[in-house]
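Peer 1: Taken in sequence, the protein lines are chains P and S.
Numbering of the first sequence is given in our numbering, commencing with residue 1 and proceeding in unit increments.
Numbering of the second sequence is given in our numbering, commencing with residue 1001 and proceeding in unit increments.
Input: one structure, supplied below.
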Amino acid sequence: MSAAANPILEIDQITLAFGGVKALNGVSFEVAPGSITSVIGPNGAGKTSMFNTISGFYRPTSGHIRFLGEDITQRPAPQRAKLGLARSFQNIALFRGMTVLDNIKLGRHCHLHTGVFDALFYYGRARREEVRLRADIEERIIDFLEIDHIRNAPVAALSYGLQKRVEMARALAMQPKVLMLDEPVAGMNREETEDMARFILDVREEWGITILMVEHDMGMVMDLSDHVVVLNFGEVIADGTPAAVQGNPEVIRAYLGSGDVEELRRKLRGEVAT
Amino acid sequence: MIDFDWLLLFEVSLAGIGSGGLYALAGLAFVLIFKATKVVNLAIGEMLMMGAYFFFAMASTLGWPIWLGVVVAVLGSGALGALIERLLIRPMLGESPISVFMITIGLSSILVGAVELIWGADQMRLPDFMPSDPVLIGEAMVPPKIFYGFLVATGLIAVVLVVFRFWRGGIALRATASDQAAAYSMGINVPRVFSLAWVVGAMVAAIAGIIVGSISSLSPTMGVFGLSVLVVVIVGGLDSVAGALVGGIVVGLVEAWSGTYLGGQYKMLSTFSLLVLILMVRPYGLFGTHEIERL
Ligand SMILES: Nc1ncnc2c1ncn2[C@@H]1O[C@H](COP(=O)(O)OP(=O)(O)OP(=O)(O)O)[C@@H](O)[C@H]1O
Ligand SMILES: [Mg+2]
């Protein structure tokens, strides 16, 4: 699937500088609705910086980000969350000290009524209705991600793989339109990786959520993605279907220096797990 | 020790717990700010002082009724808290914790200077508004101001805890305290949580200041109370509300005992010895979490 006529997310000539260092330089790509789009690239290529710019943690030096056709470049992160952008973090960012369920409940926070007056005028039937709806969504997510057995466990006590899953659950509770995952299977074993791959596919199928992910596991990227964007030194060096990207000589060159060329080729073809 | 005076010990302990309640209240103000913003606020004692002076201005100078004076002083302190956050702390976002720490030292000098400019350096008395009949607990006599101060402090602590437990702002604050990035990405307006923490912290500190000011007196050196508050929160663990409460009582007791049995000049020595002792056994305080090692 290449970019459709109406992308859900549009990155337009984004440049992001930290002092003199350009972490991103004129990056443009599009995310088609309903797609799984992956951003790959060597360490330090600017993938996480791209995510931080999209979710509003960093203001780009120049360029625009459009979400559902609206320019959101100037909007602060919490507003983007309300509009339907949810994310996970490369280094897990859960509310430690709270339980799994509390973490998931906080995912709904962005949709709750804000002011004191809202709260006063917002009670009775409508309120009960919302509470019920919310509980439904929470249950569905817990079921779906198979974390029922740990729902009341403090997150700090969970294994790394489970913590990543809880982070995804919390992001889903935000009922996003686009789910951004920064290295969802990093540090996971084979089995956990396969579970996560299945969840990612199901999120798209069952919930109709568009996925944008950063991942180093080439096997997974090539299997799952409809569309792959390759970053190197803050610039897009390739952009297309997994097949097209794998054959791109510049991509192979970008990954050079980090090992054996044949190994890399196989990796890019998705034959070897990273 | 044939004739140890148990009643005296009891009375001294009650008085210690009483002033411990005030330490706990002021400690709570500190912890609220630290939890949300990770700022070590060295000006906490001066924020107490500002609340007391605001109250003095309303209730003594303008002659307003006590309740109105308290309300306006607390609101004024809240506004001051918002101002401090906006003008001094927010621009330092992302700077090293040490720089922000230095800013709060500067802030304490500014506040002391402002008080001396407006009200002068002399001691002043707040209007008496607490009942002055001695309070008897069993046979023990407790100074009325300490007794009622303790009641107000514990009541207020309870209110703050309940409100922050159930109100959305409290949930946002706990989420922010736990993980800023995650909170921000989930629609929590983190800068607003920062303001909120400073406003509520300043308001709580103001009430503590009004009580402390009416127990003793009002002067620009009142801020040294903040030193004991710092001991309290370090003993309890900078980011722990429970720690502030327990630490407050512990420090109150130690000060009262050493003041009576060793002599007033040993108060500070004993509290700081306690501080060193606890930090040797538990480097993060009694209830603190381990994440604050960079300080
Ligand atoms: N907050 C920051 N301040 C200064 N420089 C930064 C900041 N964040 C990232 N950088 C720099 O920007 C570049 C891109 O970093 P980024 O984290 O986006 O890479 P990445 O592609 O996610 O790498 P990895 O695969 O290791 O996660 C790096 O050179 C990094 O040092
Ligand atoms: Mg990264």
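Note that CB positions come from ideal geometry on N, CA and C, so glycine has one too.
If you measure from the beta carbon of P:F117 to each beta carbon in chain S, is any gap under 8 Å?
Peer 2: For P:F117, the pLDDT reaches just 48, beneath the cut-off of 50, and the residue's location in the model is therefore unreliable, although a value from the coordinates is still provided. It does not: the Cβ of P:F117 has no partner Cβ on chain S nearer than 8 Å.
Peer 1: Check distances from the C-beta atoms of the stretch 1079–1092 of chain S to those of chain P and list, in chain order, the residues that come in under 8 Å.
Peer 2: Those residues of the stretch 1079–1092 of chain S that come within reach of chain P (Cβ to Cβ, closer than 8 Å) do not exist; the list is empty.
Peer 1: Step through the CB atoms of chain S and report whether any lies within less than 8 Å of the CB of P:F89.
Peer 2: So, interface residue.
Peer 1: Hey, out of P:K47, P:Q175, P:A135, whose CA is closest to P:I11's CA?
Peer 2: The shortest C-alpha separation from P:I11 is found at P:K47.
Peer 1: Does the beta carbon of P:K47 fall short of 7 Å from some heavy atom of ligand 2?
Peer 2: The answer is yes for P:K47.
Peer 1: Verify the CB distance criterion: does P:H109 have a CB-CB separation below 8 Å to chain S?
Peer 2: Yes, its Cβ sits closer than 8 Å to a Cβ of chain S.
Peer 1: Would you say the beta carbon of P:V21 is closer than 7 Å to some non-hydrogen atom of ligand 1?
Peer 2: True, at least one ligand heavy atom lies under 7 Å from that Cβ.
Peer 1: According to DSSP, is P:M1 part of a helix, a strand, or is it coil?
Peer 2: With a pLDDT of 45 at P:M1, under the threshold of 50, the modelled position of this residue cannot be trusted, and the question is left open.
Peer 1: Measure the alpha-carbon distance for S:P1097 versus S:F1194 and round it to whole angstroms.
Peer 2: Going from the Cα of S:P1097 to the Cα of S:F1194 covers about 15 Å.
Peer 1: Under 8 Å, Cβ to Cβ, is there at least one residue of chain S near P:K82?
Peer 2: Yes, P:K82 lies at the interface with chain S (some Cβ there is under 8 Å from its Cβ).
Peer 1: Taking DSSP as the reference, what is the three-state secondary structure of P:P184?
Peer 2: Correct three-state label for P:P184: coil.
Peer 1: Determine the extent of the beta strand (DSSP E) in which P:V276 is found, giving its start and end residues.
Peer 2: Absent from the structure is residue 276 of chain P, since the part of chain P shown begins at 1 and ends at 274.
Peer 1: Taking the CB atoms as reference points, tell me whether S:K1145 and S:S1214 lie closer together than 8 Å.
Peer 2: Going by C-beta atoms, S:K1145 is nearer than 8 Å to S:S1214.
Peer 1: Sorted by chain position, which residues of the same chain lie with C-beta nearer than 7 Å to P:P76's C-beta, five sequence neighbours on each side aside?
Peer 2: Cβ within range, chain order: G56.
Peer 1: Can you check DSSP and say which residues form a bridge with P:L179?
Peer 2: P:A86, P:I211, per the DSSP bridge assignment.
Peer 1: Between P:A93 and chain S, is any beta-carbon pair separated by less than 8 Å?
Peer 2: Answer yes: the Cβ-Cβ gap between P:A93 and chain S drops below 8 Å somewhere.
Peer 1: Looking at ligand 2, does it come within less than 7 Å of P:D182, judged from the CB to the closest heavy atom?
Peer 2: Because some heavy atom of ligand 2 lies under 7 Å away, the Cβ of P:D182 counts as near it: yes.
Peer 1: If we define contact as Cβ-Cβ less than 8 Å, is P:L16 a contact residue for chain S?
Peer 2: Not closer than 8 Å to any Cβ of chain S, the Cβ of P:L16 fails to qualify, so no.
Peer 1: Relative to chain P, which residues along the stretch 1174–1189 of chain S have a C-beta separation below 7 Å, given in chain order?
Peer 2: Listed by position along the chain: A1175, S1178, D1179, A1181, A1182, Y1184, S1185, M1186, G1187, I1188, N1189.
Peer 1: My assumption, with CB atoms under 8 Å, is that P:P60 sits in contact with P:L16. Please give the rounded CB distance.
Peer 2: The pair is a contact, with the Cβ atoms about 5 Å apart (cut-off 8 Å).
Peer 1: For a contact meaning CB atoms closer than 8 Å, what does P:R96 contact in chain S?
Peer 2: S1178, D1179, listed in chain order.
Peer 1: If we ignore side chains and look at the alpha-carbon of each, how far apart do P:E183 and S:L1151 end up?
Peer 2: Rounded to whole angstroms, P:E183 to S:L1151 spans 53 Å at the Cα level.
Peer 1: If P:G161 sits next to P:E192, beta carbons under 8 Å apart, how far is it from one beta carbon to the other, in whole angstroms?
Peer 2: About 4 Å separates the two Cβ atoms, so the contact holds.
Peer 1: Is S:Q1180 near ligand 2, judged by its Cβ being under 7 Å from some heavy atom?
Peer 2: S:Q1180: no, Cβ never under 7 Å from ligand 2.
Peer 1: Name the DSSP beta bridge partners of P:V229, please?
Peer 2: Its beta-bridge partners are P:V39, P:D239.
Peer 1: Against chain S, with Cβ distances strictly below 8 Å, would P:A77 count as a contact?
Peer 2: Chain S, which has a Cβ nearer than 8 Å to the Cβ of P:A77, makes this yes.
Peer 1: Inspect the beta-carbon positions of S:G1051 and S:S1019 and report whether they are closer than 8 Å.
Peer 2: No, the pair does not count as a contact, with Cβ atoms beyond the cut-off.
Peer 1: Quick one: Cα of S:S1185 to Cα of P:P78, how far?
Peer 2: The alpha-carbon atoms of S:S1185 and P:P78 are separated by roughly 6 Å.
Peer 1: Got a sec? Which residues, its chain only, sit under 6 Å from P:G115 by beta carbon, not counting five neighbours each side?
Peer 2: Since pLDDT at P:G115 reaches only 49, below the 50 mark, its modelled position is unreliable, and no value is offered.
Peer 1: For the beta strand (DSSP E) containing P:N25, name the first residue and the last one.
Peer 2: Run containing P:N25: 21–31, per the beta strand (DSSP E) assignment.
Peer 1: What are the start and end residues of the beta strand (DSSP E) that includes S:I1137?
Peer 2: Start and end: 1135–1137.
Peer 1: The beta strand (DSSP E) that contains P:T53, what's its start and end?
Peer 2: Note, P:T53: premise wrong, no beta strand (DSSP E); alpha helix (DSSP H) at 47–55.
Peer 1: Nearest by alpha-carbon distance to P:I252: which of P:H227, P:E205, P:M218, P:I142 is it?
Peer 2: Selected option, being the one with the closest Cα: P:M218.
Peer 1: Of all the alpha helix (DSSP H) runs that stay within the bounds of the stretch 1212–1258 of chain S, which reach a length of 4 or more residues?
Peer 2: Complete alpha helix (DSSP H) runs here, min 4: 1225–1236.
Peer 1: Can you pull the chain S residues whose beta carbon is under 8 Å from the beta carbon of P:F57, in chain order?
Peer 2: Chain S residues near P:F57: A1181, Y1184, S1185.
Peer 1: Does any C-beta atom of chain S lie closer than 8 Å to the C-beta of P:M220?
Peer 2: Not one chain S Cβ lies under 8 Å of P:M220.
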